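Have a look at the structure below, then the notes.
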Ligand code: ZN
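Residue numbers (my numbering): 40 to 527.
Spelled out as structure tokens, the structure:
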């Protein structure tokens with residue numbers, strides 16, 4: 040298929056035709072989580088968004104190597120060059136090994152992302168597993184004069200870099216502006232300029248995670264891992280780098296500077312950033328008291344939530360917004376999304392058993408073209424979803440015998456709905472057909488046993504069954520013709 044995909048590139052600030060460096064191969068790097076706490080919505084948006092990019096590129100026939108890292112060292116509180124390591128702090132408070140913290144939250148992150156039907160990346164490297172490579176890059180930067188050592192720590196020299204390159208090209212910030220906004224922090228006096236950032240920090244005695252290096256027993260700066268692991272697995276120049284908008288500055292800006300200075304090449308062709316999430320119109324955060332974890336959403340167990348929202352509802356809701364738009368979560372909006380998602384799933388279920396007729400139409404072919412057009416326009420999922428609901432309208436109208444489709448049209452409709460809904464948007468029918476049949480069969484069996492018990496006036500058994508079903512929110516209603524059940 041002819042490639043017409045255009046992507047909004049944060050670097051050039053415009054949409055560009057997607058032309059990979061070495062087609063059909065595509066290298067994509069996305070900044071993954073720092074694993075020190077419960078995964079929340081903020082983690083879900085980049086994961087789901089870049090899962091969509093990964094799925095769509097794969098659908099178009101590209102061979103994508105998708106690298107998403109795990110930050111398990113060097114991400115300090117306040118994202119600054121000084122302060123406690125987020126993972127080290129959690130380990131100290133819980134009196135466990137830092138790597139226990141890392142493993143626990145990595146497992147949790149995987150479990151939650153699996154629920155959200157986020158595909159695992161091709162490579163998921165850990166920062167702590169690439170200390171040697173990070174030391175190596177620092178040595179190259181020192182040798183080229185883009186870094187300096189002070190008291191066992193090494194800093195990136197922005198002034199030296201700016202003689203040849205341009206620090207701030209991604210965010211459009213100027214160095215003077217940065218200097219004005221950089222707060223005075225511990226360790227600042229070691230730096231030539233407050234805009235400089237740490238490549239290596241000498242560990243203080245209470246710092247739990249540290250490694251030997253030519254400069255000190257210490258640890259790498261947070262920005263370095265992504266330059267190092269991106270280069271190691273995708274090469275000095277690769278196609279796509281993604282992450283949340285909050286990472287654009289300083290994290291991604293520093294990444295560009297480190298890689299440019301080391302390899303004298305722009306590391307990334309297309310920079311993609313997803314916008315942020317708010318909850319009832321407010322920024323989310325632990326300090327704001329409104330941080331809702333993903334598990335809270337799935338169980339509904341949080342004062343801000345009126346009910347539980349399934350992973351597919353959350354995913355569908357995110358897809359209803361364009362990834363570059365901010366997205367506000369509220370109960371009303373989620374309930375509306377849940378309704379829409381159920382309608383879509385019901386139509387896809389009907390589609391399976393739809394019979395073809397005689398009439399042929401150009402409608403389906405046009406619908407298919409429109410779906411690709413939407414995705415090719417910088418992954419415009421809200422427009423795509425509106426086209427898919429046009430598909431829902433057609434399905435329901437054929438089902439109600441108001442319209443008919445030829446066998447060819449019907450099979451094209453089936454293919455396009457399945458491709459876009461399941462493979463590309465990554466939505467999942469949570470009441471899967473086989474499971475539903477199994478559940479129906481089991482419920483018939485259980486209710487038959489209960490009917491027999493009632494006929495024999497065995498009330499304890501009858502009540503036991505009803506009470507146990509209640510635990511799963513299954514409500515049993517006795518009617519003249521037997522028992523009916525529903526999930527509340
Ligand atoms: Zn990163």
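C-beta atoms are modelled at their ideal positions from N, C-alpha and C, and glycine is treated no differently. Just so we're clear, the structure is a prediction, and the values are computed from it rather than from any experiment.
| Query | Result |
| --- | --- |
| Looking at chain B, is there any beta carbon in it that lies within less than 7 Å of the beta carbon of residue 161? | Within the model displayed, chain B is absent; a lone protein chain is all it includes. |
| Using the Cβ count rule (16 or more neighbours within 10 Å means buried), how would you classify residue 251? | exposed |
| In chain order, which alpha helix (DSSP H) runs of at least 4 residues are fully inside the stretch 337 to 361? | 350 to 358 |
| Taking the Cβ atom as the reference point for each residue, do residue 49 and residue 261 lie within a distance shorter than 7 Å? | no |
| Straight-line CA distance for residue 483 to residue 163? | 45 Å |
| Should residue 70 be listed as close to the ligand ZN, given that the test is whether its C-beta is under 6 Å from any heavy atom? | yes |
| Since I believe residue 235 is in contact with residue 174 (beta carbons under 8 Å), could you give me their beta-carbon distance rounded to a whole number of angstroms? | Wrong, their Cβ atoms sit about 19 Å apart, outside the cutoff. |
| At what residues does the alpha helix (DSSP H) containing residue 90 begin and finish? | 80 to 98 |
| Might you give, ordered along the chain, the residues of its own chain that have their beta carbon closer than 8 Å to the beta carbon of residue 304, omitting 5 neighbours on each side? | 275, 276 and 298 |
| Taking residue 301 as the reference, give the member of 87, 243, 266 and 156 with the closest Cα. | 266 |
| Please name the residue in 398, 388, 287 and 479 whose C-alpha comes closest to that of residue 212. | 287 |
| Among 490, 347 and 169, which residue has its Cα nearest to the Cα of residue 270? | 169 |
| Output the boundary residues of the alpha helix (DSSP H) element that contains residue 129. | 125 to 133 |
| Kindly provide the ranges of any alpha helix (DSSP H) runs that are 4 or more residues long and lie completely inside the stretch 249 to 299, ordered along the chain. | 261 to 273 |
| Is the closest heavy atom of the ligand ZN to the C-beta of residue 265 under 6 Å? | yes |
| Rounded to the nearest angstrom, what separates residue 215 and residue 99 at their Cα positions? | 44 Å |
| When you compare each of 55, 87 and 453 to residue 388 by their alpha carbons, which one comes out closest? | 453 |
| Counting pairs of Cβ atoms below 8 Å between the stretch 346 to 363 and the stretch 150 to 160, do you hit three or more? | yes |
| For residue 84, which option in 505, 342, 171 and 285 has the closest C-alpha, if you only look at C-alpha atoms? | 285 |
| Contact between the stretch 60 to 80 and the stretch 102 to 110 is defined here as three or more beta-carbon pairs at a separation below 8 Å; is this criterion met? | yes |
| Helix, strand or coil: which one does DSSP assign to residue 212? | coil |
| What whole-angstrom Cβ distance do residue 238 and residue 180 have, given they're in contact under 8 Å? | 7 Å |
| Provide the residue span of the beta strand (DSSP E) that contains residue 526, from first to last. | 521 to 526 |
| Using the Cα positions of residue 472 and residue 361, report the straight-line distance between them to the nearest angstrom. | In this prediction, residue 472 scores a pLDDT of 49, lower than 50, which makes its location untrustworthy; the coordinate-derived value is nonetheless stated afterwards. So the alpha carbons of these two residues sit roughly 30 Å apart. |
| Tell me, which residues are paired with residue 104 by DSSP? | 66 |
| Based on Cα-Cα distance, which residue from 510, 369 and 312 lies nearest to residue 336? | 369 |
| Could you name the residues that DSSP lists as bridge partners for residue 517? | 522 |
| If the criterion is Cβ atoms closer than 7 Å, does the pair residue 94 and residue 465 meet it? | yes |
| Identify whether residue 188 lies in helix, strand or coil by the three-state DSSP scheme. | strand |
| Hey, how far is the Cα of residue 223 from the Cα of residue 116? | With a pLDDT of only 48 at residue 223, under 50, the local geometry of the prediction cannot be trusted, and no value is derived from it. |
| On a Cα-Cα basis, can you pick out the residue from 122, 295 and 202 that is closest to residue 244? | 122 |
| Hey, how far is the Cα of residue 182 from the Cα of residue 139? | 37 Å |
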